[in-house]
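Enquirer: Heads up: the sequence shown runs through residues 1 to 365, numbered per the numbering used here. Glycine residues also receive a C-beta, built at the ideal position from the N, C-alpha and C atoms. Below is a structure I'd like to ask you about.
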Amino acid sequence: MRRTALWVSGAASLIVVAVALVSGHGDPVDALALVAFWALAWSRRYPRATWLFATAVTLVSAAHGSFVGGDETIAYMLLPAHAFFSGRWDPHWRGLGGPVALAIAGEIGAAVGQSSRGFFVFVVLAAWFGGRAVRGREELAAQLAERNRELDEEQEAYARLSVRYERARIAAELHDIVAHAISVMVIQAGAGQRLAANNPQLTREAFAAIAGAAREAEGDLERLVSLLGDRDATASAPALALVEELVARAASSGLDVRLRLEGDTESLPTPILALAHRVVQEGVTNALRYGSGATVHVLVRGDQDAMVVEVANGPAKGDGGLAGAGTGNGLRGLRERAASIGGTVHAGLAPDGGWRLTARLPRGA
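Okay, here's the thing in structure tokens:
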């Protein structure tokens, strides 16, 4: 816009010089119009000073008995141009004094120069409002550009957060699948090694348990792959049946585990049942790791407003071959997933010295 003001002031100044040459005017007072046109170049930095100067030049010319610049054509260009740039660069509405002063000075000059009156009142005010309109449009464009930049940043932040959430969700699912299967396979493999020479039948059972755990992990991984492709892919999975199958496999692997179902467990949402399965899986896995030889009690109870899942085991009676192998990610992941649906997960020592994992999952999740 500064370049535009320079072009306007330069072109108008050439017109002033041309008019002065043609009309033969050489009055020094009229030459002030040339300076007033060049002042437009500084209207952005000093908007009030420039229109005050243009007003003063017009009044000085009128005091000497002539129109500003010695010709009405010059006044028709000078005063509206100053009014436009005053509205364009002065952000305050009190800047309306600029076009008012310019219009009054123009009318005084018209009266002295015996030119048409009333012209400057309308044209100068219209030029000032035109400058205000240009300013408003540019401010709106700047605000929209800033808002667009903020939306782009928010979208990028949301995308990063979504990726982080999905990675955490996948990591939790993989932990639930792999940790349980590996725990079963490691324990059974160790038992198979000890029994290989003395009891072939128990050895075969141990390796059958390893194969069963591997197949279970394979099935879970397939469901996870389906989940990654479609969030509703596991919606039809019979979660309570999976809990019963999980307990049965753990029992077949030599763990003394007992399942008890109570209350209404049929009308629960699938996400709640799926999370209950993960709680049981985590509890059984921890019992395999830390409660070797202890009895494990699994309770799944459907209350009126929530589903309660509890896995409790007594103190270890044998060698905890996997003690210390955990990372804590399983419990942390369960707490996060339960909290996301308004539920709670608690884990800690039981009064008998064993371990208890309890989850409360609201029905309305």
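Report the rounded CA-to-CA distance for Leu-144 versus Val-247, giving the unit in angstroms.
Expert: Counted from its first residue, the sequence shown places residue 144 at position 144. Counted from its first residue, the sequence shown places residue 247 at position 247. Roughly 60 Å between the two C-alpha positions.
Enquirer: Does DSSP put His-277 in a helix, in a strand, or in coil?
Expert: Taking the first residue of the sequence shown as 1, we reach residue 277 at position 277. DSSP places His-277 in helix when its eight states are reduced to three.
Enquirer: Would you mind reading off the limits of the alpha helix (DSSP H) that contains Gly-106?
Expert: As a working note, residue 106 is residue 106 in the sequence shown. Gly-106 -> alpha helix (DSSP H) spans 97 to 112.
Enquirer: Please determine, among Leu-40, Lys-317, Arg-44, Val-121, the residue with the shortest C-alpha to C-alpha distance to Pro-91.
Expert: Residue numbering aside, residue 91 sits at position 91 when the sequence shown is read from its first letter. Of Leu-40, Lys-317, Arg-44, Val-121, the residue nearest in Cα terms is Arg-44.
Enquirer: Am I right that Arg-356 and Gly-348 are in contact with their C-beta atoms under 8 Å? What's the rounded C-beta distance?
Expert: Here residue 356 is taken as the residue at index 356 of the sequence shown, counted from 1. Here residue 348 is taken as the residue at index 348 of the sequence shown, counted from 1. Their Cβ separation, rounded to whole angstroms, is 7 Å, which keeps Arg-356 and Gly-348 in contact under 8 Å.
Enquirer: Buried or exposed for Pro-99, going by 16 or more other Cβ atoms inside 10 Å?
Expert: On the sequence shown, residue 99 is found 99 positions in, with the first residue counted as 1. Buried is the call here.
Enquirer: How long is the line joining the alpha carbons of Arg-132 and His-64, rounded to whole angstroms?
Expert: Walking along the sequence shown from the start, residue 132 turns up at place 132. Walking along the sequence shown from the start, residue 64 turns up at place 64. C-alpha separation (whole angstroms): 33 Å.
Enquirer: Please state whether the Cβ-Cβ distance between Gly-314 and Gly-354 is less than 8 Å.
Expert: If you number the sequence shown from 1, residue 314 lands on position 314. If you number the sequence shown from 1, residue 354 lands on position 354. In this structure, Gly-354 lies closer than 8 Å to Gly-314 by Cβ.
Enquirer: For a quick check, are the C-beta atoms of Pro-80 and Val-123 less than 8 Å apart?
Expert: Your numbering for residue 80 matches position 80 in the sequence shown. Your numbering for residue 123 matches position 123 in the sequence shown. A contact, by the Cβ cut-off of 8 Å.
Enquirer: Would the beta-carbon of Leu-261 fall within 8 Å of that of Val-296?
Expert: Numbered from its first residue, the sequence shown carries residue 261 at position 261. Numbered from its first residue, the sequence shown carries residue 296 at position 296. For Leu-261 and Val-296, no; Cβs fall outside 8 Å.
Enquirer: Can the beta-carbon of Ala-36 be found less than 8 Å from the beta-carbon of Ala-54?
Expert: Sequence index remark: in the sequence shown, residue 36 carries index 36 (1-based). Sequence index remark: in the sequence shown, residue 54 carries index 54 (1-based). A contact, by the Cβ cut-off of 8 Å.
Enquirer: What number of angstroms, rounded off, separates the C-alpha of Ala-142 from the C-alpha of Gly-136?
Expert: Against the sequence shown, residue 142 aligns to sequence position 142. Against the sequence shown, residue 136 aligns to sequence position 136. Straight-line Cα distance between these residues: approximately 10 Å.
Enquirer: Could you tell me which of Thr-265, Pro-269, Ala-251 sits nearest to Thr-285, measuring between CA atoms?
Expert: Here residue 285 refers to the residue found at position 285 when the sequence shown is read from its first residue. Of the candidates Thr-265, Pro-269, Ala-251, the one whose C-alpha sits nearest the C-alpha of Thr-285 is Ala-251.
Enquirer: Once DSSP output is grouped into helix, strand and coil, what is the label at Ala-39?
Expert: Taking the first residue of the sequence shown as position 1, residue 39 is located at position 39. Three-state result, Ala-39: helix.
Enquirer: DSSP three-state call for His-82: helix, strand or coil?
Expert: Translated into the one-based positions of the sequence shown, residue 82 becomes position 82. In the structure shown, His-82 sits in a helix (DSSP, three-state: H, G or I).
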